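The structure appears right after this line, and notes come after that.
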Amino acid sequence: MSADLMFSLSNGLALLGWLILAFAPRRLSAFPIPTRFVIPAILGVAYAVAIIPGMATAQGDFTSLEGLKQLYATASDPLMVAGWQHYLAFDLFVGTWIAERLDGLGVHRIVQIPILAATFMLGPVGLVLAFALELGLRAWRSRRPAA
Numbered sequence: 001m002s003a004d005l006m007f008s009l010s011n012g013l014a015l016l017g018w019l020i021l022a023f024a025p026r027r028l029s030a031f032p033i034p035t036r037f038v039i040p041a042i043l044g045v046a047y048a049v050a051i052i053p054g055m056a057t058a059q060g061d062f063t064s065l066e067g068l069k070q071l072y073a074t075a076s077d078p079l080m081v082a083g084w085q086h087y088l089a090f091d092l093f094v095g096t097w098i099a100e101r102l103d104g105l106g107v108h109r110i111v112q113i114p115i116l117a118a119t120f121m122l123g124p125v126g127l128v129l130a131f132a133l134e135l136g137l138r139a140w141r142s143r144r145p146a147a
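When we follow full-length UniProt numbering, the leftmost residue of the sequence shown carries the number 1, and every step to the right adds one.
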């Protein structure tokens, strides 16, 4: 399979996961299975298939900025796709974790969607937004008089 096709399939699969996360009913007890387990696992297996053989030919390392720049500069297309799959799998897993936490706090889906979109597009930015919302909500609730 070509690297371009693998890239397109991986993006499509991840996008499907994000659409499920954003719009599928969460009342179903099985809701997180595709976004927490199935799709990240498929991306993880594809990542392993691409990265393990490619590691033998990669030049550079993760121990310095120069080593990292060399690693990216010399990476083959399959290794670049593998790196992208790494992001896709982990961001979707984290997005599912965020959605479950915010659901548990009673945060409406309309409020969650921009946070999930930020997680999809900017990873840690979405995570920080979710943390800020959760902390703010917990602080606000702790200061409210009991009804």
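Beta carbons: idealized from backbone N, C-alpha and C, even for Gly. Note that the structure is predicted; figures quoted are calculated from it, not measured.
V125 versus T96 - alpha carbon distance: Answer to the nearest angstrom: the Cα atoms are 15 Å apart.
Any 3 or more C-beta pairs closer than 8 Å across the region 41-51 and the region 8-20: Yes, the region 41-51 is in contact with the region 8-20.
Distance CB(E100)-CB(P25) smaller than 8 Å: no
Meets three-Cβ-pair contact criterion under 8 Å: the region 46-59 and the region 83-94: yes
T57 versus S64: straight-line alpha-carbon distance, rounded: 19 Å
H108 in three-state terms, based on DSSP: coil
Start-end ranges of the beta strand (DSSP E) lying completely within the region 60-96, minimum 3 residues: none
A50 in three-state terms, based on DSSP: A50 falls in the helix class under three-state DSSP.
Straight-line gap, H108 to Q70 (C-alpha atoms, nearest Å): C-alpha separation (whole angstroms): 45 Å.
Nearest to F90 (by Cα), restricted to the options T119, A132, A3: T119
Cβ-Cβ separation, L116 to W18 (assumed contact under 8 Å), whole Å: 7 Å
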